[in-house]
Every structure is written in C-alpha cells, then in structure tokens.
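First the structure, in the form of structure tokens, and then the observations on it.
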Amino acid sequence: MAAEGLSVEYLSAGANRQTSVADWSKTGLLAFGADVNIALWRPAAQPPRGIESILSGHKETVKAVVFLPENDEDDSSYIVSGSDDKTLIFWKSTDHGHNFEAVQSSSEHTAPVNCVTAVRIAGEPAKWIVATGAADATIKIWSFENGQLQLLQFIKTTPKFFPLTLSLSIIDGDVLILAAAGTRETVQILTADLNAPSIGFSVQATLSGHEGWVRSLSFTKQTNEPSSDLLLASASQDKYIRIWRIRQGQELPALAAAGSDPLSGAFLPGKSPSNKVHHLKAAGKDFSVTFEALLLGHEDWIYSARWKTRADGKLQLLSTSADNSLAIWEADPASGIWVSMARLGEISREKGATTATGSTGGFWTGLWSPLGDSVACLGRTGSWRRWQHDSSTDTWKPCVAITGHTKAVTGITWAKGGDYLLSTSSDQTSRLHTRWTASGAGTWHEMSRPQIHGYDLNCIDSLGDSQFVSGADEKLMRVFSEPKAVATLLNRLAGFGHENVQDMPDAANMPVLGLSNKAIDAVDDDQEIQPIDDRDREAMDPASVVKKSYLEIDHPPFEETLSRHTLWPEVEKLYGHGYEISCLATSHDGRIIASACKASSTNHAVIRLFETEKWTEIRPPLVAHSLTATRLRFSGDDKYLLSVGRDRQWAVFERNTGIDAMYQLLQSNPKGHSRMILDAAWAPTEAPLFATAGRDKQVRIWSSQVGEDGKLHFTQTTSLPCGGSVTSVDFLSTMVGGKLVLAVGTEAGKVSICLVKEDGLAVTELPSQPELKLPKTVLQLAWKPIRKTDESAYTLAVAGDDSSLRLISFNEAYLRIQ
Numbered sequence: 029m030a031a032e033g034l035s036v037e038y039l040s041a042g043a044n045r046q047t048s049v050a051d052w053s054k055t056g057l058l059a060f061g062a063d064v065n066i067a068l069w070r071p072a073a074q075p076p077r078g079i080e081s082i083l084s085g086h087k088e089t090v091k092a093v094v095f096l097p098e099n100d101e102d103d104s105s106y107i108v109s110g111s112d113d114k115t116l117i118f119w120k121s122t123d124h125g126h127n128f129e130a131v132q133s134s135s136e137h138t139a140p141v142n143c144v145t146a147v148r149i150a151g152e153p154a155k156w157i158v159a160t161g162a163a164d165a166t167i168k169i170w171s172f173e174n175g176q177l178q179l180l181q182f183i184k185t186t187p188k189f190f191p192l193t194l195s196l197s198i199i200d201g202d203v204l205i206l207a208a209a210g211t212r213e214t215v216q217i218l219t220a221d222l223n224a225p226s227i228g229f230s231v232q233a234t235l236s237g238h239e240g241w242v243r244s245l246s247f248t249k250q251t252n253e254p255s256s257d258l259l260l261a262s263a264s265q266d267k268y269i270r271i272w273r274i275r276q277g278q279e280l281p282a283l284a285a286a287g288s289d290p291l292s293g294a295f296l297p298g299k300s301p302s303n304k305v306h307h308l309k310a311a312g313k314d315f316s317v318t319f320e321a322l323l324l325g326h327e328d329w330i331y332s333a334r335w336k337t338r339a340d341g342k343l344q345l346l347s348t349s350a351d352n353s354l355a356i357w358e359a360d361p362a363s364g365i366w367v368s369m370a371r372l373g374e375i376s377r378e379k380g381a382t383t384a385t386g387s388t389g390g391f392w393t394g395l396w397s398p399l400g401d402s403v404a405c406l407g408r409t410g411s412w413r414r415w416q417h418d419s420s421t422d423t424w425k426p427c428v429a430i431t432g433h434t435k436a437v438t439g440i441t442w443a444k445g446g447d448y449l450l451s452t453s454s455d456q457t458s459r460l461h462t463r464w465t466a467s468g469a470g471t472w473h474e475m476s477r478p479q480i481h482g483y484d485l486n487c488i489d490s491l492g493d494s495q496f497v498s499g500a501d502e503k504l505m506r507v508f509s510e511p512k513a514v515a516t517l518l519n520r521l522a523g524f525g526h527e528n529v530q531d532m533p534d535a536a537n538m539p540v541l542g543l544s545n546k547a548i549d550a551v552d553d554d555q556e557i558q559p560i561d562d563r564d565r566e567a568m569d570p571a572s573v574v575k576k577s578y579l580e581i582d583h584p585p586f587e588e589t590l591s592r593h594t595l596w597p598e599v600e601k602l603y604g605h606g607y608e609i610s611c612l613a614t615s616h617d618g619r620i621i622a623s624a625c626k627a628s629s630t631n632h633a634v635i636r637l638f639e640t641e642k643w644t645e646i647r648p649p650l651v652a653h654s655l656t657a658t659r660l661r662f663s664g665d666d667k668y669l670l671s672v673g674r675d676r677q678w679a680v681f682e683r684n685t686g687i688d689a690m691y692q693l694l695q696s697n698p699k700g701h702s703r704m705i706l707d708a709a710w711a712p713t714e715a716p717l718f719a720t721a722g723r724d725k726q727v728r729i730w731s732s733q734v735g736e737d738g739k740l741h742f743t744q745t746t747s748l749p750c751g752g753s754v755t756s757v758d759f760l761s762t763m764v765g766g767k768l769v770l771a772v773g774t775e776a777g778k779v780s781i782c783l784v785k786e787d788g789l790a791v792t793e794l795p796s797q798p799e800l801k802l803p804k805t806v807l808q809l810a811w812k813p814i815r816k817t818d819e820s821a822y823t824l825a826v827a828g829d830d831s832s833l834r835l836i837s838f839n840e841a842y843l844r845i846q
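Under the numbering used here, think of the first position of the sequence shown as 29, with each following residue one higher.
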C-alpha cells in the first residue's frame, strides 16, 4: 500500500519487443516486460487507465512473462519472468492480483532467458511444471509447489538451436508433451511420464516443413472431452502457420490416413506440405503427430500464434505478423479448411508506410482476453493496441490502450501553466501527457507525440503553453509549435486550450526523406489523396496525411493516430554548437533559450543564448566551463542563470541588459564539488538560493549574501550526504509549512524528498518510500508548477533510465512531517 499522503498518479512505460514478453491472466490482468521491469495493466478497466503498478527485480531487459495457469479455487496468482540477466523470478500476488512480490528466483541458465511455458498438474496442493528456454541452447524443466522451485531436468538442444518458443500441455491425463522451436526450421516434440519417479523429457519427433525460424508455438485441446486430440500451431518467419494434430492411439485421423491434403501443392509449387506421420510412445501409450493445415495470408514474418476456445466452444487462433496486422482464424465447419475470420491492424499495402511514423516492424505479440472477446497486440513503438468484439454487429472495435517510452527518459518539462507534461527519450520521440478530465476520472494518458526524430533526444523545455524546444544528438535545437488539431483535441479531452487557435497551423507531418516536421493543412475526409512521387524529397507519405476526422475524437488517441497525426510543426532551428546538445533551458518569460553541448575544451563548453522573437543568437556566448555543461537553470525571476558541469564547477550569470550578451558572470566556483556536478535547481526564495547535485554523493545548498562590493556572493550553507551519486534535483515552486521542498534523485534509483530551511542552514530527509525507488538511475525530476497558492497536492514527475515516466502526488500533511 502507498504511504499515507503519497499516491502514484500515473505510470508510463513501453513494452519490450519480444514475442514472449506478455501474458493476459484469467483475472483480466495483463503483465508485460518493460525494460527491466514488469508492468501490470487492466485493459478492460473503465474508464481506461494506464499501468497499475510496476514490479522491479530484474537487472536487464525482461524477455518472457507468463502467468502460471490456475483453477478457479486458486486464491493467489503467480507470474514467472525471464530476463537477459539469465535469471527467472517467480512472483506471488499479495492481494488478489494487485500487488506482487518476488518469492523465488533462479540463475541456473548461463545466457538470456527467451521463453517460459507452464502447465498446472491436477491435485492439491497446486503444482506446476515449468519449462524455460534460453540463449545457452538449453531447455530447463522445473516443478513449482508451495512457493518452492525445483530443477527437474536440463536438456541440451540437439541439433543445437536457441529456443525462442516453448509450449507445454498434458495429453490423456498423465503424459506431458512439450513443443520446442527457435533458430531452426523444425519443431521438436518431447514427452514425459507424469507418474514416473522423476520427470524426464525425451525427444520423440521432429516436425519439418517450415522454411524459417519458428517464433511461436501454442497447444490447445480441440474439445473439452478428456480424450480430445491436441492441436499445435507453429508460426514462422517463412510467413506461414502450420497446424499439427496429436492423437492418442494407433488410429490416424481421416485426413492423414487417406494421405490426401486439401492444400497439398495448391499454393506452394513444388513445396508439398509434409504428410509424414510421426509415432510417439509415452507412459506405455501410443500417439501420432500429423500435419493438419497450412495457414496462408500474412505477408511477412509471423511473430506469434495463440489459441482460444470461446465461450460457445468455437476454437480460434490469433496470429500477429511483421506485416502490421493480426488475424483471427477458425476452421470452416463444413470443409474443415482454416480461414481468416477477421483481420485487424494496418493494411500493409498502403504505400509509404515509413519507419519515421512508426509503421514498420509490425506486431510482436498478440494476446486474447480471458473471455476471448478482446485482443491486444504490441507494436514496434512499444505501445499496445486493443480491439473489443461487438457481438451485435460482429465487428472488432479499437479501444484506448497504453503507450510509453521504450528507452531511457532523458528529459521532462511541464508546460509553464502546468497543464501538461512533455517527456523526451533516447527512443527518439517526444510525448505529451495530460489528464483526461472529460472522462470524469481524470486519468493520465499520452495525448500527442509532437516529435518523432532520427536522433536520440537529450533535453526538452517548454516555451509558454504551446511551444517547446528540444535538443538531440545533433548540433542544433528544434522549436515546435502546437497545431490547431492537437489544441482542439486537448481542449475537448483535457479542458484547457488557447484563445488564438485560428493562428495555428492545422497539423504537421514529416517528409519521407526528412527530420523536420512540416506544417500542413488538414484535408476533408472525402478528398482524394495523390500517389507519392519517390523522386520528390519533400513528398508527403500518403499514410500520414491528416484528415479532419482523425482528431475529432472523444477519447485519448490510439497508437496509429499518435504516431502519425499528432506531430507538431517545427517552426525554427537554432544552430551554433559544434557537438551534440547536452542541456538547454528556457527563461520563465519565454524570451531566452540557453544551451550547451558536449565539450572537452573551453571553446566548445560555452553557453549560447538565443532570443525567441527573431530566433537569433545573442553574442558573445557565455564562458565559464572547460568541460561539458550538464544542466542550465534560470532563477524564478530570470535574473540569474545557473550552470553546472563535468569540470566540477558551478557558475552564476546575472542579467544585465546593458551588455550585448545580456548575462554576465557574477560568480563561479571551480571546486563546487569534489567530482562532476550533474544537476542544479533554484529555490523559490527572496534571497537567491540554489542546490547542486554531484557524483561525490552530495547535495550542496548555496545561499547568497550581498558583499561589501554591493554584489551577491554565494556560499555553501549546508550539505546532504546521499548513499550514491546524485543525478537530479528540483525545488517545489512554493514553500510548504515555512520550508523549501527539494526532490533528490540518485544513480541507484532512489528519490528522496527533503525539507530545507529558508535560509539554507539545515536540510532534513523524509523517510524513504517503496514508491520512490526505481531500478535504474533517476535522470530528471520536475515538480508541477503551482497555479494556486492553496493547492493541496503537489505532483512530482520522475524520468527514469528504465524507460519509465512516473507521476507521484504528495499532500501537504506528508510534506509537513518533521
């Protein structure tokens, strides 16, 4: 439970692009790997919400997540996760599936764990057999009972392959059957006797026919009868799905017995599907494996295939492919031929589906909801898409799903009025998050993706309420203005907006061969769209033309709208730096942008100022540092500019309109910290006061006094020792209970809330909370601007190296704890 006075408002993180990365439980909870974390989401929640909670335990990317199958009597559910850190973790729910804690882990594998599958053994107490496959070319078989994990068997793949997918099932009550496949074109079938003194799997058959790596396997019983045949679906990079039948006894299914195959050679000249019958023997019983059907229809690699038996007993198969579509297949009752009943996603034949707009790479995994009336899939951008089946019209309707960054969140900034939060990331996107107030629940969602770039983005700051500037691993900064389509969308969904919407461009999109978002006019729905001319550098991708209806919606945008139709037009580029932009800041009045770049000499370590009226550089640049400046901050009244850097020094520049540069060096301290300084922040005090954060595990508070020369002088008044390198600091823009509130983030991922006396002479750290712990470095902290003096809750945005963005609210009582 959250500590009293503290609540988690919003969690956002993109999913890892792996086939086995997610699972949807019987209780309606969807768990997926997000960087080193496991994120929990309830897709069917009304109104739609973001991630419910984040589980941290792994040290590297999570690749496989599965819920242990459970009966209705099971009172707690379990999740098993496998990661690039070579470990498996078993998580147990502590309160009916809302919170989970790690109960067991294992590091038996010697390489990243790629896939996990499990089957529940009938009987009490609950017992599961779990199989895991890893990049050490092994499969390990485990039993999990009473919270205890036991390794039963270690299987080396022969001929050697790396398992990418596994599926486990039970046939005829006491025979375990395991299908394994991966970096070969074959599928191996292994069996084991459940009643034997020790469970030992042995390879019984090798199924051939695929012509590419096999990415996904899924077993299902054809009917609910105890003697039912098993069906196995195998999905491959050869663009085909094969269905295999496993039957008990000597008798073969009619199709195989007749040696006829309705698809034999019909579509694949010279490639007749294998009709070979494989005989298995397990627990003294005979079984046969025969080829049942070949599913044609996808135009690119198939990443996943999953079975679902609907409530009416109908068996369906869900497949997802790199062709940006997912298909739902079922057998025609009359002919038995498998046909695609529904196709969702994007039609890949649309010309000009460009990487820039996030439409290549396809769908990595597809999941069924517990009832089979909803499907979710994961795309290249790390975002989820979801469809709900409407039985009255027999159609699949898109639903609001969740989105998030897929790499480190490198920068965050609030709009000057606090209406929305902008985040930017190494995943080369900038995103706008705000509250969906129109739903009545006030849940947070990503509402716009202003920038999709070709370089990793490093920093961002807002200029007023409808403009921002960002800096990336390129030598220039780009300024973006809000388009009319996004402004009206935000007004409708979030209840804030601008009077001068008429002056805004309609929308923006990106030329096929460019990095700059161009302002465009939205078109009417019935307007004809011209085909693309590949020789034209300025040609617009027809898929990214913005129709007026795209943003006339009453819900947060779906992923395809976000990635294509919510871009902001770029209005200016600011040049001058010689290397990648390391940090930037905008003045509170929005008239000046200060910036710095990566530097190893005084020449490049200068701070450049730009004015925002004509977008020209104010020369000469400010000189103070000899190495990269890591953070720039304007004081609340814009009178002072503070810079800190890798050269261990801080510098304060004072505004002076009488000189060309507008700011002049007031004071610098070459030994501000004993190691590099990583962040700094101004306090909202009458007498200027700031904090600096360093690699020397210290936060230092610097207060000012007027010296004999009539100028301000800053001296250190106190310091706060932290357990590790301090990477980020930010002051709340108002005092609470007569104290300054300082948020501190460390390299180890800890966020601390500290109370500082107004004179800077003493600092107190509040008790730490589990909600304030990240598994990786805290890269930036930003308090939401205070609009009214009587606000009762204060919101802190936390940007993590673990690709997560978190909003945490504190009430006044919490911040008054002494």
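C-beta atoms are modelled at their ideal positions from N, C-alpha and C, and glycine is treated no differently.
Source: prediction; values computed, not measured.
Backbone CA spacing between residue i and residue j [nearest angstrom]
{"i": "D257", "j": "S197", "result": "11 Å"}
{"i": "G752", "j": "G673", "result": "18 Å"}
{"i": "W415", "j": "V680", "result": "54 Å"}
{"i": "E129", "j": "T762", "result": "37 Å"}
{"i": "G606", "j": "I705", "result": "22 Å"}
{"i": "L268", "j": "L322", "result": "Reading the sequence as shown, one finds Tyr at residue 268 and not Leu. Rounded to the nearest angstrom, the two C-alpha atoms are 7 Å apart."}
{"i": "F229", "j": "G151", "result": "21 Å"}
{"i": "A62", "j": "L308", "result": "40 Å"}
{"i": "I488", "j": "L245", "result": "43 Å"}
{"i": "L506", "j": "V497", "result": "Note that residue 506 is Arg in the sequence shown, not Leu. About 6 Å."}
{"i": "A594", "j": "P478", "result": "Reading the sequence as shown, one finds Thr at residue 594 and not Ala. Going by the C-alpha atoms only, they are around 6 Å apart."}
{"i": "P649", "j": "R683", "result": "14 Å"}
{"i": "E37", "j": "W472", "result": "8 Å"}
{"i": "D737", "j": "I609", "result": "36 Å"}
{"i": "V403", "j": "S397", "result": "6 Å"}
{"i": "D675", "j": "P75", "result": "50 Å"}
Residue i classed as buried or exposed, judged by whether at least 16 other C-beta atoms fall within 10 angstroms
{"i": "I687", "result": "exposed"}
{"i": "H238", "result": "buried"}
{"i": "P643", "result": "At residue 643 the sequence reads Trp, which differs from the Pro that was named. That one is exposed."}
{"i": "L748", "result": "buried"}
{"i": "E502", "result": "buried"}
{"i": "V754", "result": "buried"}
Closest residue to residue i among the options (Cα-Cα distance)
{"i": "T318", "options": "A652, S111, W392 and A233", "result": "A233"}
{"i": "R77", "options": "W170, T462 and L760", "result": "T462"}
{"i": "V367", "options": "H326, P585 and S591", "result": "H326"}
{"i": "S591", "options": "K626, V514, D665 and I620", "result": "V514"}
{"i": "V93", "options": "V64, A73 and P75", "result": "V64"}
{"i": "L68", "options": "Q74, P75 and I82", "result": "I82"}
{"i": "L824", "options": "I836, E37, I814 and G777", "result": "I836"}
{"i": "S121", "options": "T160, L180 and L57", "result": "L57"}
Pair within 8 Å by beta-carbon distance, residue i and residue j
{"i": "L395", "j": "W52", "result": "yes"}
{"i": "Q132", "j": "L177", "result": "yes"}
{"i": "E165", "j": "F182", "result": "Checking the displayed sequence, the identity of residue 165 turns out to be Ala instead of Glu. Not in contact: A165 and F182 (Cβ atoms no closer than 8 Å)."}
{"i": "A810", "j": "N839", "result": "no"}
{"i": "D758", "j": "L802", "result": "no"}
{"i": "A711", "j": "S756", "result": "no"}
Which of helix, strand or coil DSSP assigns to residue i
{"i": "K15", "result": "What is shown of the chain runs 29 to 846, which leaves residue 15 out entirely."}
{"i": "P478", "result": "strand"}
{"i": "P297", "result": "Because P297 carries a pLDDT of 42, less than 50, the predicted location of this residue cannot be relied on, and no value is offered for it."}
{"i": "N65", "result": "strand"}
{"i": "V634", "result": "coil"}
{"i": "H616", "result": "coil"}
{"i": "A709", "result": "strand"}
{"i": "E608", "result": "coil"}
{"i": "Q495", "result": "strand"}
{"i": "Q873", "result": "The requested residue 873 is not part of the displayed model; the chain covers only 29 to 846."}
{"i": "L884", "result": "Outside the displayed range of the chain (29 to 846) lies residue 884, so it cannot be described from this structure."}
Distance cut-off 7 Å: residue i Cβ against heavy atoms of the ligand ATP
{"i": "S831", "result": "Of ligands this structure carries none, so the ligand ATP is not represented either."}
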